[in-house]
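For the protein sequence lines, the chains are X and W, in the order given.
With our numbering as the guide, the letters of the first sequence map in order to residues 1 to 112.
With our numbering as the guide, the letters of the second sequence map in order to residues 113 to 225.
Think of the CB as a built atom: it goes at the ideal place given N, C-alpha and C, for glycine as much as any other residue.
This report concerns only the one structure given below.
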Amino acid sequence: EAGVTQSPTHLIKTRGQQATLRCSPISGHTSVYWYQQALGLGLQFLLWYDEGEERNRGNFPPRFSGRQFPNYSSELNVNALELEDSALYLCAPSSRGPGELFFGEGSRLTVL
Amino acid sequence: AQTVTQSQPEMSVQEAETVTLSCTYDTSESDYYLFWYKQPPSRQMILVIRQEAYKQQNATENRFSVNFQKAAKSFSLKISDSQLGDAAMYFCAYRSGWNQFYFGTGTSLTVIP
């Protein structure tokens, strides 16, 4: 069974640019959660998609957005990048029901 | 909203010894799930152990076990016979009945050879 795949693994952008991060889940996992993890810190909840719909979002500005595709892959978009957006972005799909999250290796975003 | 508290930012343990990481949570739900995740340095976060709130029996996975005290809303992780590979950041997580996850701030575990 293939694991969760995130791309790109590393991304360097300058302030004001836009970044797109992608996540391919494990087969059968219809929900996906996105988290931001700043260096040395915990996980901050960004977005939750289930069956193509946004179910909840964390306390982040609207320039953080995303979507989930019919094949349950997902992407996270960050517009108007700011220096403090530099972080590891983790995608974590989950199956329907009371399952755990399966994390990808993350995308490291650096904003210069 | 539910909150998850890990009161130990850092812990250390001698190799082969036992260490317990603490986690408490606040909830009004009766049906939920609890998890411990491990994040080694620069590596992928993986599930260590899970506990269903309706189960009274504490979960065990090899050297990892939990002490789940539902009334006290406590969910500690015990690592027995600690190994160098156990060094990592450990996160306690709560999954609500609405499928929302809440994470603690993490405990950094150092294993001393």
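1. Look up residue 12 of chain X in the DSSP assignment and say whether it is helix, strand or coil.
2. Could you work out which residues of chain X lie near residue 162 of chain W, taking near to mean beta carbons separated by less than 8 Å?
3. Do three or more CB pairs link the segment 117-133 of chain W to the segment 68-76 of chain X at distances below 8 Å?
4. Classify residue 104 of chain X: buried if its beta carbon has 16 or more other beta carbons within 10 angstroms, exposed otherwise.
5. Is there a Cβ of chain X sitting closer than 8 Å to that of residue 117 of chain W, yes or no?
6. By Cβ distance, which residues of its chain are closer than 6 Å to residue 163 of chain W, with the 5 residues on each side in sequence left out?
7. Between the segment 138-158 of chain W and the segment 76-85 of chain X, are three or more C-beta pairs nearer than 8 Å?
8. So within the segment 12-63 of chain X, which uninterrupted beta strand (DSSP E) runs reach at least 3 residues, ignoring any that extend past its ends?
9. Quick one: what's residue 148 of chain W bridged to in DSSP?
10. Identify which residue in W:223, W:212, W:130 has its Cα closest to the Cα of residue 115 of chain W.
11. Among all the DSSP beta bridges, which residues are the ones paired with residue 126 of chain W?
12. Can you look up residue 138 of chain W in the DSSP assignment and give me helix, strand or coil?
13. Exposed or buried, what is residue 207 of chain W when buried is set at 16 or more other beta-carbons lying within 10 Å of its beta-carbon?
14. Using a C-beta to C-beta distance shorter than 9 Å, which residues of chain X count as neighbours of residue 159 of chain W?
15. How is residue 83 of chain X classed by DSSP in three states: helix, strand or coil?
16. Determine which residues share a DSSP beta bridge with residue 115 of chain W and list them.
17. Kindly confirm or deny that the segment 152-161 of chain W and the segment 212-223 of chain W touch, where touching means at least three C-beta pairs closer than 8 Å.
18. Identify the residues that DSSP records as bridge partners of residue 133 of chain W: which are they?
19. Hey, does residue 110 of chain X have any beta-carbon neighbour from chain W nearer than 8 Å?
20. Would you please verify whether the beta carbon of residue 27 of chain X is less than 8 Å from any beta carbon of chain W?
21. What's the gap between the Cα of residue 100 of chain X and the Cα of residue 201 of chain W?
22. Can you check whether the CB of residue 130 of chain W is closer than 8 Å to the CB of residue 190 of chain W?
23. For residue 214 of chain W, which beta-bridge partners are listed by DSSP?
24. Enumerate in chain order the residues of its own chain whose CB-to-CB distance from residue 24 of chain X is below 6 Å, with the five nearest sequence positions on each side excluded.
Answer, in terms of the structure:
1. When secondary structure is reduced to three states using DSSP, residue 12 of chain X falls in the strand class.
2. Close to residue 162 of chain W, with beta-carbon spacing below 8 Å, are these residues of chain X in chain order: 100.
3. Taking 8 Å as the limit for Cβ pairs, the verdict is that the segment 68-76 of chain X does not touch the segment 117-133 of chain W.
4. Note on residue 104 of chain X: 16 or more other CB atoms within 10 angstroms of its CB, so buried under the neighbour-count rule.
5. Taking Cβ atoms only, chain X never reaches closer than 8 Å to residue 117 of chain W, which makes this a no.
6. So the qualifying residues of the chain are 146, 171, 178, 180.
7. At 8 Å Cβ cutoff, the stretches do not touch.
8. Whole beta strand (DSSP E) segments, 3+ residues: 19-24, 31-37, 44-50, 53-57.
9. Paired residues: W:161, W:204.
10. Among W:223, W:212, W:130, the Cα nearest to that of residue 115 of chain W belongs to W:212.
11. Beta-bridge pairing links residue 126 of chain W to W:224.
12. Three-state DSSP puts residue 138 of chain W in a strand.
13. Residue environment for residue 207 of chain W: buried (at least 16 other C-beta atoms within 10 angstroms of its C-beta).
14. Under the 9 Å cutoff, chain X gives 100, 101, 102, 103.
15. Residue 83 of chain X: helix per DSSP, three-state reduction.
16. DSSP output for residue 115 of chain W lists W:138 as bridge partner(s).
17. No contact exists between the segment 152-161 of chain W and the segment 212-223 of chain W.
18. Partner(s): W:189.
19. Not an interface residue.
20. So no, residue 27 of chain X is outside the interface.
21. Approximately 18 Å between the Cα atoms of the pair.
22. Against a cut-off of 8 Å, the Cβ pair of residue 130 of chain W and residue 190 of chain W comes out as a contact.
23. For residue 214 of chain W, which the question treats as bridged, DSSP gives the partners W:206.
24. Result list for residue 24 of chain X: 5, 73, in chain order.
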